[in-house]
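*Asks:*
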Amino acid sequence: MGWFWADVSEPSAQHLHRDTSAIPPSCPMHNKANTPPSRVPDSAATPQGACPYVPSDTPAPSSTSTPAPPPPKAGLLSRLNPLNNMPFDLSNSRAENQSQALPLSREASTIPKEDGSLWEYPSPQQMYNAMLRKGYQDTPTDAVESMVAVHNFLNEGAWAEIMAWERRFGRGLGEGYKICSRGEENANAMLGTAENPFDTTSWPSKSVPPPKLLRFTGRPTEPTPKSQMLQFMSWAWPSKYGTPAPFDRHDWFVQRHSENGAEEVRYVIDYYEGEPEATGEPVFYLDVRPAVDGPRGAAERMVRWGTDVWWKASGGVVREVKKMENERKRKEEELQAKNRQYN
1 MGWFWADVSE
11 PSAQHLHRDT
21 SAIPPSCPMH
31 NKANTPPSRV
41 PDSAATPQGA
51 CPYVPSDTPA
61 PSSTSTPAPP
71 PPKAGLLSRL
81 NPLNNMPFDL
91 SNSRAENQSQ
101 ALPLSREAST
111 IPKEDGSLWE
121 YPSPQQMYNA
131 MLRKGYQDTP
141 TDAVESMVAV
151 HNFLNEGAWA
161 EIMAWERRFG
171 RGLGEGYKIC
181 SRGEENANAM
191 LGTAENPFDT
201 TSWPSKSVPP
211 PKLLRFTGRP
221 TEPTPKSQML
231 QFMSWAWPSK
241 YGTPAPFDRH
251 DWFVQRHSEN
261 GAEEVRYVID
271 YYEGEPEATG
281 EPVFYLDVRP
291 AVDGPRGAAE
301 RMVRWGTDVW
311 WKASGGVVRE
321 VKKMENERKR
331 KEEELQAKNR
341 QYN
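Per full-length UniProt numbering, residue 1 is the first one in the sequence shown, and the count goes up by one each step.
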């Protein structure tokens, strides 16, 4: 579901070009004379700044010259953008036999790139062309705009979930534990996202820059260990854990900033489809979490999940209510004591 598009003007690899203007005028390559200069003896010193190329006294016969090798063929990988594994040159032109025109404009996301600009979503025409390239020839043209809207909505939701993780653990595991120790609801209140937990733009720290999406890749045929475990539990206890397998899986690579510099963090996203609403609107669930590429990723997942479970199981909400009630009674007693003094 993550068909972002990098700037098509940026090549996938840098090509070196020879700058002929930098060749010194004394170089024989600039000499228009018919008679080539004599070879400099091996013992002679080369003047500083002179051309390093000195042609031979007798040019090699043309019959023995080696023909220039043919230019290398461009493979599939050279035509793909490494940031999203999609073709650089995906057309925004109307497809053959297309029944109706589709919008060509692209919507900007709220997800920043490494250079500070924002990722752009594909236009409906690009989405339709991509579906045709993937073999979906029966895609109804009048449904493409709705598909693009759902696609953009899911990617914004995935980034909102990643931002929630980064707000908690972007400043270290210890700071993340402090934020998570009183459950999810209180954590959102501490972070200022209680009214909108899916906020994708605000960032609590002024000294540390917000995260950025470096690149991503779709891996729909490679189920995650967690989704495989959930499928086993769904098979063993269908009444409690019954759920269909995810219809897509993505890996997003995020640049996390800290006081010690920037680092790359991989996030795993499983996309699930739920029962549609009574009105027919589709329902989707996203399972977004840091990949277990090392101890820290596992610790972040354990801290956020474990603290929320413990907070609820140990009656954290009840303790908070009692604490607030005791504080209210204390203030009332202090106020009554002051009133008795004045009377």
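All residues carry an ideal CB built from backbone N, CA and C; glycine is no exception.
If distances are taken between C-alpha atoms only, which option among Ala189, Gly315, Tyr267 and Lys331 comes closest to valine 292?
*Replies:* Tyr267
*Asks:* Mapping DSSP to helix, strand and coil, what is residue 363?
*Replies:* Absent from the structure is residue 363, since the part of the chain shown begins at 1 and ends at 343.
*Asks:* So glutamate 259 is in the beta strand (DSSP E); what residue range does that whole segment cover?
*Replies:* Element bounds for glutamate 259: n/a, residue is neither H nor E.
*Asks:* Between threonine 141 and tyrosine 121, which are expected to be in contact by the criterion C-beta below 8 Å, what is the C-beta distance as a whole number of angstroms?
*Replies:* Incorrect: roughly 18 Å between the Cβ atoms, too far for contact.
*Asks:* Are the CB atoms of leucine 154 and phenylalanine 284 nearer to each other than 8 Å?
*Replies:* Yes, Cβ-Cβ distance for leucine 154 and phenylalanine 284 is below 8 Å.
*Asks:* Quick one, are the C-beta atoms of leucine 213 and tryptophan 119 less than 8 Å apart?
*Replies:* yes
*Asks:* Taking the straight line between their C-alpha atoms, what separation do you get for glutamate 327 and glutamate 333?
*Replies:* 10 Å
*Asks:* Could you name each continuous beta strand (DSSP E) segment of 3 residues or more that falls completely within the segment 147-231, going from the start of the chain to the end?
*Replies:* 212-218
*Asks:* Going straight from the alpha carbon of valine 238 to that of aspartate 270, what length do you get?
*Replies:* Correcting the residue type first, residue 238 is proline in the shown sequence and not valine. Each residue's Cα considered, the two are about 20 Å apart.
*Asks:* Looking at the unbroken alpha helix (DSSP H) that takes in aspartate 308, where does it start and where does it end?
*Replies:* 295-313
*Asks:* Can you tell me the Cα-Cα spacing of lysine 323 and arginine 182, whole angstroms?
*Replies:* 13 Å
*Asks:* Buried or exposed for aspartate 138, please, with buried defined as at least 16 other CB atoms from any protein chain shown within 10 angstroms of its CB.
*Replies:* exposed
*Asks:* What is the DSSP secondary structure of alanine 108, counted as helix, strand or coil?
*Replies:* strand
*Asks:* According to DSSP, which residues form a beta bridge with leucine 286?
*Replies:* Tyr271
*Asks:* Serine 123 and serine 99 - do their beta-carbons sit closer together than 8 Å?
*Replies:* no
*Asks:* Examine the Cβ distances between the segment 147-165 and the segment 192-199 and report whether three or more of them are shorter than 8 Å.
*Replies:* yes
*Asks:* Would you identify the three-state DSSP class for valine 265, choosing helix, strand or coil?
*Replies:* Here valine 265 sits in strand by DSSP.
*Asks:* Report yes if the CB atom of valine 208 is closer than 8 Å to the CB atom of serine 258, and no otherwise.
*Replies:* yes
*Asks:* Indicate whether at least one CB of chain B lies closer than 8 Å to the CB of lysine 323.
*Replies:* Going by chain labels, chain B is absent from the structure shown, which holds only one protein chain.
*Asks:* For the pair the segment 174-191 and the segment 215-228, tell me if three or more CB-CB distances fall below 8 Å.
*Replies:* no
*Asks:* Bridge partners for tryptophan 252 per DSSP, in chain order?
*Replies:* Phe216 and Tyr267
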